[in-house]
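Okay, structure first, notes after.
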Amino acid sequence: MVRLITHNLLACHVKGCTSNNFPLEFKDVQVVLRESEFNPDFLRGFIPKIEWTALVGAARELGDTSLPDQPPEMLDDDFLKTLHHVLLEIHVEEGIMICPNCKHNYAISNGIPNMLLAEHEIG
Amino acid sequence: MAPAVTATAVAADAPDTYEEKHVHQIYDSIASHFSSTRYKPWPIIAAFLANLRDGWVGLDSGTGNGKYLPLPADRPGRVWTIGLDRSRNLLDIARTAGGTGAFREVVWGDVLGHSWREGIFDYAISIATIHHLATHERRKLAVKRLLSAVSPAHGRVLVYVWAVRQDELSKRSIPGGSSGTGQDVFVPWVMSEDKTQVFNRYYHMFDDGELAGLVTLAAEELGLAVGRPSTCSLKGVEIVQDGWERSNHYVELRRWQTEL
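Those protein sequences? They're chains A and B, same order as listed. Residue 114 in full-length UniProt numbering is what sits at position 114 of the first sequence, and the numbering runs on without skipping anything. Residue 239 in full-length UniProt numbering is what sits at position 239 of the second sequence, and the numbering runs on without skipping anything.
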């Protein structure tokens, strides 16, 4: 599954590709929206780990422009619901993720990203 | 009576192709039947997951059918575990693990890969997985990947592997006995619908003390002190539990760093 919660954690791991290897760029995506249960306590705990700029950029690549450029200081329910939707309800079912540095392509098929590398490609 | 476990020797020049043939291809072939036999979470693993904090994210490295992804059961969605596995067919099952209609996050990858922001996870588990790696070096690298995946300040890790020492109820008898460095064996998987279909899965079965030794080596190669938090070192990992239950060895680890 590639939702933006996972995308925000993934980085390219090709041998020698150690800088500018995050975030992966989406291309040719098919997206499905699925409702999921809202958990504000999860979100409050997860926010400090989010790379915010990467999340905003990735959401915009998927056509969602609801997030502000900077996370707000007040984490009210309206904001948390917006964040919940972006992180957990947008499913990238098909497509490609491209490393911004080495341009390696990671394919997504049936909602599952292929992060496998050949033995000699692993750093 | 289960078919006998037999000794094997790993072709040391190409452990990756050995694993491909004797582990990865087999799990893709038996995925559905295998999954139907793996649904009960083990108590120590469930307890580990029950003690995680709201908002934490973790990695299940070798998630198989994803049976740990819905836990902790009493706080669904408060903790997110992302499942990684080498078997695409098992991931298709893991994707909806738990049977509630909820989708899980799963990634097709190898436990020796590291396709993550370093140290980003709060916890990592690797259950019945590292014993499928065909050399000591590769098993050690797998532990290093787990230690590097979790937070240097508070990351928790739980690893389970199969033991040479089997409990009394085990149907298995292990050839060779205890050697100190474990046993390389084939463990047959017999398909339920056609018992002439037998798949010999490769396992490295761990001897007593071997898993803690492997973790210690892996930690030291990462420059981590092994032991309780102390001011003598800046960063380290504590072995919180080192145990054996029901034919498995397990270790629970916690990373720590000293504030300057």
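For every residue, glycine included, the Cβ atom is placed at its ideal position computed from N, Cα and C.
Three-state class that DSSP yields for residue i in the structure shown
i                      : result
R60 of chain A         : helix
H24 of chain B         : helix
A134 of chain B        : coil
G180 of chain B        : coil
H249 of chain B        : strand
R44 of chain A         : helix
F38 of chain A         : coil
A97 of chain B         : coil
V79 of chain B         : coil
residue 134 of chain A : Examination of residue 134 of chain A is not possible in this model, given that chain A is present from 1 through 123 alone.
A102 of chain B        : coil
G119 of chain B        : coil
K195 of chain B        : coil
F22 of chain A         : coil
residue 341 of chain B : Past the boundaries of the shown model lies residue 341 of chain B; chain B is included only from 1 to 260, so the question cannot be answered.
I44 of chain B         : helix
G243 of chain B        : strand
I50 of chain A         : coil
A163 of chain B        : strand
K67 of chain B         : coil
A149 of chain B        : helix
Span separating the alpha-carbon of residue i from that of residue j
i               : j               : result
G66 of chain B  : G55 of chain B  : 20 Å
H132 of chain B : Y27 of chain B  : 11 Å
L234 of chain B : Q257 of chain B : 5 Å
I114 of chain A : D92 of chain B  : For clarity, residue 114 of chain A is Asn in the given sequence; the question names Ile instead. Each residue's Cα considered, the two are about 13 Å apart.
V2 of chain A   : V106 of chain B : 8 Å
S66 of chain A  : A149 of chain B : 30 Å
A163 of chain B : W108 of chain B : 27 Å
L84 of chain B  : L62 of chain A  : 24 Å
T6 of chain A   : W244 of chain B : 33 Å
Y68 of chain B  : G45 of chain A  : 21 Å
T100 of chain B : G155 of chain B : 29 Å
L87 of chain A  : I130 of chain B : 31 Å
M1 of chain B   : S87 of chain B  : Unreliable positioning characterises M1 of chain B in this predicted model, as indicated by a pLDDT of 48, which lies under 50. A coordinate reading is not provided.
P72 of chain A  : N8 of chain A   : 19 Å
P40 of chain A  : H104 of chain A : 35 Å
E25 of chain A  : L146 of chain B : 26 Å
A11 of chain A  : R117 of chain B : 6 Å
A107 of chain A : H91 of chain A  : 14 Å
Where residue i meets chain A, residues with beta-carbon distance less than 8 Å
i                      : result
S192 of chain B        : The contacting residues do not exist; S192 of chain B stays about 26 Å from chain A at best.
G77 of chain B         : S36, E37, N39 and F42
residue 281 of chain B : For chain B, the structure presents residues 1 to 260; residue 281 of chain B sits outside this window and is missing.
A102 of chain B        : S36 and E37
Beta-bridge pairing of residue i - partner residues as DSSP gives them
i               : result
A9 of chain B   : BP columns for A9 of chain B are empty, so no partner.
H91 of chain A  : A:V32
P3 of chain B   : In DSSP, P3 of chain B forms no bridge with anything.
R254 of chain B : B:R156 and B:E238
Y106 of chain A : A:M97
Y203 of chain B : B:V185
N114 of chain A : B:W108
G58 of chain B  : B:T81 and B:Y123
V143 of chain B : Note: V143 of chain B sits in no beta bridge, so no partner.
K27 of chain A  : A:I96
V215 of chain B : Its beta-bridge partners do not exist; DSSP assigns none.
Partner residues on chain A for residue i, Cβ-Cβ distance less than 9 Å
i                      : result
residue 316 of chain B : For residue 316 of chain B there is no data in the structure shown, the boundaries of chain B being 1 and 260.
R95 of chain B         : M1, N110, G111 and I112
Proximal chain B residues relative to residue i, where beta-carbon distance stays under 8 Å
i             : result
T6 of chain A : I82, E105 and V107
Test: residue i CB closer than 8 Å to a CB of chain D
i              : result
I96 of chain A : Absence of chain D from the displayed structure is noted, the protein chains being A and B.
Within chain B, partners of residue i - CB distance below 7 Å
i              : result
G45 of chain A : R53, D54, G55 and W56
Beta-carbon neighbours of residue i, restricted to chain A and to distances below 7 Å
i              : result
L91 of chain B : I112
D16 of chain B : E119
Contacts of residue i in chain B (Cβ-Cβ under 9 Å)
i               : result
L117 of chain A : G109, D110, G113 and S115
Give me the subset of the stretch 19-35 of chain A whose CB atoms are less than 9 Å from a CB atom of chain B, sorted by chain position.
Correct list: F22 and R34.
Along the stretch 140-159 of chain B, what residues have a CB closer than 7 Å to any CB found in chain A?
So nothing in the stretch comes that close.
Between the stretch 65-97 of chain A and chain B, which residues of the former have CB atoms less than 8 Å from a CB of the latter, in chain order?
The stretch 65-97 of chain A vs chain B, Cβ under 8 Å: H91.
Members of the stretch 209-231 of chain B that neighbour chain A once the beta carbon cut-off is set at 8 Å:
Going along the stretch 209-231 of chain B in chain order, one finds no residue with a Cβ nearer than 8 Å to chain A.
Residues of the stretch 48-66 of chain A with a CB closer than 9 Å to any CB of chain B: list them in chain order, please.
Of all residues in the stretch 48-66 of chain A, only P48, K49 and E51 place a beta-carbon less than 9 Å from a beta-carbon of chain B.
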